[in-house]
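Below: the structure, in structure tokens.
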Amino acid sequence: MEIVLRPHVNNFIEWAKDKPQVVVLSADLTNSCEVGQWRDTYPDRFFSMGMAEQNMMGFAAGLAREGYFPFIHTFAVFIYRRPYDQLAMSIAYPNLPVRFMAFLPGITTPGGVTHQAIEDLAIMRATPNMTVLECGDATDVESVLDVAQSVNGPVYVRMLRGEVPRLFDAAEPMELGKARVLHSGTDVAILSTGICTEEAMRATSVLQAKGLSISHLHISTLKPFNDPAVLETIEKAKHGVITMENHTIVGGLGSAVAELMAEAGVGKKLLRLGLKDTYAHGASRHYLMKEYHLDAISLVNAVETLTDRQFGISEGDLAEVRLQAVHSEAKAEAL
Numbered sequence: 001m002e003i004v005l006r007p008h009v010n011n012f013i014e015w016a017k018d019k020p021q022v023v024v025l026s027a028d029l030t031n032s033c034e035v036g037q038w039r040d041t042y043p044d045r046f047f048s049m050g051m052a053e054q055n056m057m058g059f060a061a062g063l064a065r066e067g068y069f070p071f072i073h074t075f076a077v078f079i080y081r082r083p084y085d086q087l088a089m090s091i092a093y094p095n096l097p098v099r100f101m102a103f104l105p106g107i108t109t110p111g112g113v114t115h116q117a118i119e120d121l122a123i124m125r126a127t128p129n130m131t132v133l134e135c136g137d138a139t140d141v142e143s144v145l146d147v148a149q150s151v152n153g154p155v156y157v158r159m160l161r162g163e164v165p166r167l168f169d170a171a172e173p174m175e176l177g178k179a180r181v182l183h184s185g186t187d188v189a190i191l192s193t194g195i196c197t198e199e200a201m202r203a204t205s206v207l208q209a210k211g212l213s214i215s216h217l218h219i220s221t222l223k224p225f226n227d228p229a230v231l232e233t234i235e236k237a238k239h240g241v242i243t244m245e246n247h248t249i250v251g252g253l254g255s256a257v258a259e260l261m262a263e264a265g266v267g268k269k270l271l272r273l274g275l276k277d278t279y280a281h282g283a284s285r286h287y288l289m290k291e292y293h294l295d296a297i298s299l300v301n302a303v304e305t306l307t308d309r310q311f312g313i314s315e316g317d318l319a320e321v322r323l324q325a326v327h328s329e330a331k332a333e334a335l
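Structure follows, in structure tokens:
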């Protein structure tokens, strides 16, 4: 597996070079959100707003009304928690083309509850006019800019930073409203998003070797959620469906799938893997994914529950997990 170091940094600079109406707003987290070099390259198109997110939303709305395309770069929690009123009334209500580049989604940070965006998908999916995207690998990070810019309205993007795996071919970019079909099968349907897709891929290869026929879809568009391939995959799954997300099980991918199944009248068993009505705490990403049952072995256990079969798969049978540094410098960088 290729690991790409900071795929957003140079890609965003190159992508924006012939787009003078693209501007960046930062809330005192410029380097932490990988736009320090962008600022140095295009200083006249960069606005440092300080720790004043409510004002940043209004400023971005004004820029959008004047024909610019503001790309807000900050941590996800600072986009939808404190400044939500301004986001909703100044940007989403008038349907302005502001792009929210939301870093540290879910439990990708050891910063604890103040920095972990675990309910953002629920809030943004419920916000009228908002398109909601989530990156799962370096290819998604590199191609999400084109997808976001194609939308005539506000777009919320769950972004990844730092060391990001390339799970998908760089020649096959993210497409708006289209799931990536990673495997096709008839026993179980697995729908994953964000960082959970890598964990799901670790499990599916081993499960298939045990004779299980699996469909696996990577979901990058959470709203709108209308890809016909999703419902077709669910309808073929003999034992049922499992969703896997770096978010609470309320309001995110699991809820979107449940709504789709109910409206279509599809009577299948659905298991949702995610945080279950709880806040997380500060620890490494690897520890937190295991603690809150978002890792590969947790998916194996869910498949065993859904199929009422035991596959005899242990942690040692799964593809090696990528461990990230948790020394003091890494912890500081994670914030």
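Letter by letter, the sequence shown follows residues 1 to 335 in the working numbering.
All C-beta atoms in this analysis are idealised placements derived from N, C-alpha and C, irrespective of residue type, glycine included.
query: So what's P97 in DSSP terms, helix, strand or just coil?; result: coil
query: Using only the alpha-carbon positions, how far apart do H239 and A16 sit?; result: 46 Å
query: So, do the stretch 211-226 and the stretch 182-193 have three or more beta carbon pairs nearer to each other than 8 Å?; result: yes
query: Suppose contacts are defined by Cβ-Cβ distances below 8 Å. Is A117 in contact with A148 by that definition?; result: no
query: Between V144 and the rest of its own chain, which residues show a CB-CB distance below 7 Å, the 5 nearest in sequence each way excluded?; result: L133, C135, V157, M174
query: Cβ atoms of D317 and V206: under 8 Å apart, would you say?; result: yes
query: Three Cβ pairs or more, each shorter than 8 Å: is that satisfied between the stretch 24-38 and the stretch 49-65?; result: yes
query: So who's on the other strand from P105, going by DSSP bridges?; result: A117
query: Hey, P128 and A92: beta-carbon distance below 8 Å or not?; result: yes
query: Cβ of H8 within 8 Å of Cβ of M159?; result: yes
query: Note down the Cα distance separating L323 from M289, rounded to an integer number of angstroms.; result: Low confidence applies to L323: its pLDDT is 48, below 50, so where it sits in the model is not reliable enough to give any reading.
query: Check whether the Cβ atoms of I79 and N246 lie closer than 8 Å to each other.; result: no
query: Counting along the chain, where does the beta strand (DSSP E) carrying A16 start and finish?; result: A16 -> not in any beta strand (DSSP E); alpha helix (DSSP H) instead, spanning 7-16.
query: Does DSSP put E34 in a helix, a strand or coil?; result: coil
query: In three-state terms, what does DSSP make of G316?; result: helix
query: Using a Cβ-Cβ cut-off of 7 Å (strictly less than) and excluding sequence neighbours within five positions of E329, which residues of its own chain qualify?; result: For E329, the predicted model reports a pLDDT of 46, less than 50, meaning its position is unreliable; a value from the coordinates is still stated below. The answer is none, since no qualifying residue turns up.
query: Per DSSP, which one or two residues make a beta bridge with E134?; result: R158
query: Can you grab the Cα-Cα spacing for the pair F225 / G62, in whole Å?; result: 29 Å
query: On the three-pair Cβ rule with 8 Å, is the stretch 94-102 touching the stretch 260-274?; result: no
query: On a Cα-Cα basis, can you pick out the residue from C33, A64, V4 that is closest to P105?; result: C33
query: A209: buried (16+ other C-beta within 10 angstroms of its C-beta) or exposed?; result: exposed
query: Helix, strand or coil for M57? Go by DSSP, reduced to three states.; result: helix
query: If M124 sits next to L167, beta carbons under 8 Å apart, how far is it from one beta carbon to the other, in whole angstroms?; result: In fact, because the Cβ distance is near 24 Å, the residues do not count as touching under 8 Å.
query: Go through its chain and collect everything with a Cβ distance to F46's Cβ below 6 Å, but skip five positions before and after it.; result: V24, R39
query: Can the beta-carbon of T193 be found less than 8 Å from the beta-carbon of L222?; result: yes
query: Taking 7 Å as the limit between beta carbons, can you name the residues of its chain near V257, skipping five residues before and five after?; result: L191, V241, T243, L270
query: Which of the three DSSP states is assigned to I297 in this structure?; result: helix
query: For the beta strand (DSSP E) holding G223, just list the boundary residues, first then last.; result: Before going on, a small fix: residue 223 reads as Lys here, not Gly. Segment 221-223, the beta strand (DSSP E) holding K223.
query: What's the gap between the Cα of D18 and the Cα of D44?; result: 14 Å
query: Under the three-state reduction of DSSP, which class applies to P70: helix, strand or coil?; result: strand
query: What are the start and end residues of the alpha helix (DSSP H) that includes R202?; result: 196-209
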